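Asks: Structure in structure tokens, see below.
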Amino acid sequence: MFKVRIIWLKINLTLSLREQLPVMKRYRLFLAFYLFVLVWFVVSSTKAMTRRDPVHSPLGNRNLISREKEYWFSVSFGGRFWMVNKNARIFDLHSPEDFSFPVVVTNAKIDPEKGIIEGVKSILPERIPDFIYEINFEEKYLTLDNSAIIKLLSLNELRECIRTLEITHQYLNPRVIYFFSNGRIYRIS
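Each residue of the sequence shown is one higher than the one before, starting from 610 at the first, in the numbering used here.
As structure tokens, then:
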């Protein structure tokens with residue numbers, strides 16, 4: 610009787626598998642379609658996350674490589690931070706979520722009609738190093754990324770000061786005020 614039940618169970622299982630075979634093929638097709646859609650969604654979402662979306666950019670979908678070539682420094686104007694190119698012309702707007710732009714020039718003379726920063730081409734070097742956080746034209750000082758402040762007598766010394774800081778910036782103490790004069794950096798406080 611035990612052998613009969615096992616044989617009956619084997620026959621019943623084989624019949625049920627044969628009956629379920631077309632249904633299982635449909636499930637496999639559905640599963641394959643679901644996996645394809647899932648992989649497509651993951652790949653497209655990672656591409657969208659890695660691409661910087663210029664939503665707030667007046668230039669639209671410009672190539673980011675050309676934007677990086679044009680970028681010189683940032684300036685605060687009208688409550689927003691703007692990108693300035695090598696010709697001292699405002700060319701783009703930083704997005705409100707972006708707080709990682711390298712250099713901010715404050716108190717610069719801006720011509721809002723032309724979108725030009727006046728008088729910076731003769732003062733600033735072609736490449737501003739990444740360790741400089743802020744350049745204040747009105748009060749004549751530099752702020753470094755470690756919060757050290759370097760005061761200047763004249764803005765004409767700015768290029769020489771930046772060249773000196775390229776060598777010595779890693780040796781300056783944080784949150785200390787320095788004074789630059791005659792090619793040397795002096796500690797004030």
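All residues carry an ideal CB built from backbone N, CA and C; glycine is no exception. Just so you know, these numbers come straight off a predicted model, no measurement behind them.
Can you tell me whether DSSP reads N765 as helix, strand or coil?
Replies: Three-state result, N765: helix.
Asks: Report the residue from N696, L644, M692 and N755 whose alpha carbon sits nearest the alpha carbon of R784.
Replies: Per the Cα distances, N755.
Asks: Short of 6 Å in beta carbon distance, which residues of its chain neighbour V714, apart from the five on each side in sequence? Order them along the chain.
Replies: Correct list, in chain order: F682, V684 and I744.
Asks: Helix, strand or coil: how does DSSP classify L647 here?
Replies: In this structure, L647 counts as helix in the three-state DSSP scheme.
Asks: Suppose you measure from the CA of F740 to the CA of G792; what does that come to, to the nearest Å?
Replies: Roughly 19 Å separates the two Cα atoms.
Asks: How about R698 and I732: do their beta carbons lie closer than 9 Å?
Replies: No, these two residues do not count as a Cβ contact at 9 Å.
Asks: Please report the residue range of the beta strand (DSSP E) in which S790 lies.
Replies: Start and end: I786 to S790.
Asks: Rounding to the nearest angstrom, what Cα-Cα distance links C770 and V693 in this structure?
Replies: Computed Cα separation, rounded: 22 Å.
Asks: Do you know how far the Cα of R772 is from the Cα of I758?
Replies: Taking the straight line from one Cα to the other gives about 16 Å.
Asks: What does the Cβ neighbour count give for R796, buried or exposed, with the cut at 16 atoms within 10 Å?
Replies: So R796 ends up on the exposed side.
Asks: Do the CB positions of I719 and F686 come within less than 9 Å of each other?
Replies: Going by C-beta atoms, I719 is nearer than 9 Å to F686.
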